[in-house]
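Novice: Questions regarding the structure given below will be posed in turn.
Chains as they are written, first to last, in our numbering: chain A, 11 to 122; chain B, 360 to 475.
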């Protein structure tokens, strides 16, 4: 059964600092997603990672995927207050009909 | 930009009432999903569908039902609302295609439900 674990679940950090959110998953997968959710809002797709070694960057956020280690990271560079949100990773199974399983989310609070 | 809509956006209702939450998408996606999410917490999959006349229960027993008579429409019905149903309900859709990038889930804006 596919399980997805994110850590940390809560993170408070200063503006200007770098940090990494980790997403581990339990079974083989070749598709991983990162989403952002602002308080009271819905989920917004950030990145789709589909192959081992995939790296994608958007502004101060960079996501990577290591399928052998079953690990994805979301790296935040020089954090700014606007990045405060909850970040979810989600993993799909190898079969087309497999459900996408979400992690519990990382609540990120960036202090000015 | 994803075109997935949910109505109502907010609903306050008394215990025992029957309610239907609407979800529609105009992207022609085969897969549709309903999630329940308490504020700031994890998502729980309650129902999903891979196409017309296909529905499956998710991981959370929510005493709700769904139907998929048309590709674009995936309503969620609570036969008898209870205070424990108070939550946010998110609808999502994705393609069922050979290109895995197309399987990104696009989320609707959500329905916030309060059962008194």
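Yeah, the Cβ is synthetic: ideal placement off N, Cα and C, and Gly gets one too.
How should residue 439 (chain B) be labelled, buried or exposed, when 16 other C-beta atoms within 10 angstroms of its C-beta is the threshold for buried?
Specialist: On the second chain, residue 439 (chain B) is found 80 positions in, with the first residue counted as 1. Its Cβ having fewer than 16 others within 10 Å, residue 439 (chain B) is exposed.
Novice: Going by the CB atoms, is the gap between residue 103 (chain A) and residue 39 (chain A) shorter than 8 Å?
Specialist: Taking the first residue of the first chain as 1, we reach residue 39 (chain A) at position 29. Taking the first residue of the first chain as 1, we reach residue 103 (chain A) at position 93. The answer is yes: Cβ separation under 8 Å.
Novice: Are the C-beta atoms of residue 121 (chain A) and some chain B residue less than 8 Å apart?
Specialist: For this step, residue 121 (chain A) is matched to residue 111 along the first chain. No, residue 121 (chain A) does not count as interfacial toward chain B.
Novice: If the cut-off is 9 Å on Cβ atoms, which residues from the segment 15-43 of chain A count as contacting chain B, listed in chain order?
Specialist: Of all residues in the segment 15-43 of chain A, 40, 41 and 43 have a Cβ within less than 9 Å of some Cβ in chain B.
Novice: Suppose the cutoff is 6 Å on Cβ atoms and the five residues either side in sequence are ignored; what does the same chain contact list for residue 377 (chain B) look like?
Specialist: Locating residue 377 (chain B) in the second chain gives position 18, counting from the first residue. Only 438 meet the Cβ criterion.
Novice: Kindly identify the DSSP beta-bridge partner or partners of residue 23 (chain A).
Specialist: Looking up residue 23 (chain A) in the first chain gives position 13. In DSSP, residue 23 (chain A) forms a bridge with A:120.
Novice: Any beta carbon from chain A within less than 8 Å of residue 367 (chain B)'s own beta carbon?
Specialist: Taking the first residue of the second chain as position 1, residue 367 (chain B) is located at position 8. Output row for residue 367 (chain B): interface = no.
Novice: Listed from N- to C-terminal order along the chain, which residues in the segment 50-81 of chain A have their beta-carbon within a distance smaller than 9 Å of any beta-carbon of chain B?
Specialist: Hits within the stretch, in order: 50, 51, 52, 53, 54, 55, 58 and 60.
Novice: Cutting at 8 Å between CB atoms, please list the residues of its own chain near residue 466 (chain B), excluding the five before and the five after it.
Specialist: Here residue 466 (chain B) is taken as the residue at index 107 of the second chain, counted from 1. Cβ neighbours of residue 466 (chain B) beyond the five flanking positions: 361, 363, 449, 450 and 451.
Novice: Using 7 Å as the cut-off, classify the Cβ of residue 375 (chain B) as near or not near the heavy atoms of the ligand NAP, replying yes or no.
Specialist: With respect to small molecules bound, the structure shown includes none, and the ligand NAP cannot be examined in it.
Novice: Between residue 11 (chain A) and residue 113 (chain A), which are expected to be in contact by the criterion C-beta below 8 Å, what is the C-beta distance as a whole number of angstroms?
Specialist: Numbered from 1 along the first chain, position 1 holds the residue referred to as residue 11 (chain A). Numbered from 1 along the first chain, position 103 holds the residue referred to as residue 113 (chain A). With a Cβ gap of about 15 Å, residue 11 (chain A) and residue 113 (chain A) do not count as contacting.
Novice: Can you tell which of A:117, A:29 and A:22 has its C-alpha closest to the C-alpha of residue 70 (chain A)?
Specialist: Within the first chain, the letter at position 60 stands for residue 70 (chain A). It is A:29.
Novice: If contact is defined by three or more beta carbon pairs under 8 Å, each pair taking one atom from either stretch, is the segment 411-421 of chain B in contact with the segment 468-475 of chain B?
Specialist: Flag = no, the segment 468-475 of chain B and the segment 411-421 of chain B do not touch.
Novice: Going by DSSP, what residues sit across from residue 464 (chain B) in a beta bridge?
Specialist: Your numbering for residue 464 (chain B) matches position 105 in the second chain. Note: residue 464 (chain B) sits in no beta bridge, so no partner.
Novice: Let me check one thing: in DSSP terms, what residues is residue 471 (chain B) bridge-paired to?
Specialist: Your numbering for residue 471 (chain B) matches position 112 in the second chain. Its beta-bridge partners are B:369 and B:447.
Novice: Would DSSP call residue 388 (chain B) helix, strand or coil?
Specialist: By 1-based counting over the second chain, the position of residue 388 (chain B) is 29. It is coil, neither helix nor strand.
Novice: How is residue 12 (chain A) classed by DSSP in three states: helix, strand or coil?
Specialist: Walking along the first chain from the start, residue 12 (chain A) turns up at place 2. Residue state, collapsed to three classes: coil.
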